[in-house]
Amino acid sequence: KQEELLKLRDAEDVTKDGTKVELLANIANLEDLDSVLTNGASGIGLLRSEFQYLGRENYPREGELYRVYRQVAQTMGDRRVVIRTVDLGADKQANYMNLPQELNPAMGNRGIRVCLDRKKMFRAQIRAIYRASIYGNLAIMYPMITSMWEVEEIWEIVEDVKKGLDQREIPYKDIPNGIMVETPAAAMISSELAEKADFISLGTNDLTQYVLAMDAQNPQLERKFDRHHPGVLRMMEMVIKSTHEAGKKVLVCGELAAENVMIPYFLNLGVDALSMAPACILPARKIVRNLDLRKVEEK
Ligand code: PEP
Ligand code: MG
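For the sequence shown, UniProt numbering begins at 245 and goes up steadily by one.
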């Protein structure tokens, strides 16, 4: 069976009726790069950059961040790599940051909220990504957005970083900047967010826990944690629709993107890309290639 799947490594991600989708990989460290290539991913849809910040004594330096992004860009060549700026806080704590203990970490200071409080750290990462951009096909996206003011503040920082690079004549590409929609507030303002962003990425893991108001890590809620709750599905449909109305692409990451039943569902909604664990790519490709959306609609 594995041999049969491996034959699909270079096959196109297209359904029987000709609908195209990009199947991208989620990675959480450099060791994962191998499996991205062996599983024939069209690119990396989510590089979780936390590994660069965790399990160490101090903030990583810009040069260190840059070298990793350059290596990933060079390895992937023309294939797209979406780097998510660091999503610290909640269950991912770096001791050197001395973030205060929180009663409700999942609802607390995490992701972009922390980055906008620690601008020096945030700028270093954005600068490192832009410096590496000339070596491949990079994009950036920002996690845990809830409000327009955050996006405005990020765009100002990005412009300022680019200006700094211009002044020092450091080359970079004008790479796409995307917004993650993984809070209900962001989903409700997704039209406005999509207007401002180059693309939208649906973070289904966090969106589900915040729509259900259930901690995804609480074992007592395991059986009640309904990943296919109509509230979650309707909210995702709304985001996909409003993003397309704004003329932008929508990528889905998070565990739902790799589920057998969800792949036809997302394709039917016109999702542009699905990003998943590398091991899920070939099975997903098989599903995509056997799918006929004309038949899905008739059901
Ligand atoms: C998500 O929330 O769906 C997501 C992709 O981010 P993470 O799982 O890293 O929180
Ligand atoms: Mg998330």
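Ideal Cβ placement from N, Cα and C applies to all residues, glycine included. Since this is a predicted model, take the numbers as computed values, not measurements.
- With a beta-carbon spacing of about 13 Å, L456 and M480 fall beyond the 8 Å limit used to define contacts.
- With contacts defined by Cβ atoms closer than 9 Å, A269 and V258 do not form a contacting pair.
- Between L332 and P527 the beta-carbon gap is near 32 Å, outside 8 Å, which marks them as no contact.
- Counting only runs of 3 or more residues that sit fully inside the segment 363–450, the beta strand (DSSP E) segments are 381–386, 421–425 and 443–447, in chain order.
- Around the Cβ of D450, a 10 Å sphere holds 16 or more other Cβ atoms; the residue is buried.
- A Cβ-Cβ separation of about 6 Å places L495 in contact with S519 under the 8 Å criterion.
- Counting C-beta pairs closer than 8 Å gives three or more between the segment 376–387 and the segment 418–427, which meets the contact rule.
- The ligand PEP has a heavy atom closer than 8 Å to the beta-carbon of C497.
- For G287, the enclosing beta strand (DSSP E) begins and ends at G287 to R292.
- Apart from the 5 residues on each side of it in sequence, D335 has no Cβ closer than 6 Å to any other Cβ in its chain.
- The closest heavy atom of the ligand MG lies 8 Å or more from the beta carbon of E394.
- Distance from the CA of S486 to the CA of E301, rounded to the nearest whole angstrom, comes to 43 Å.
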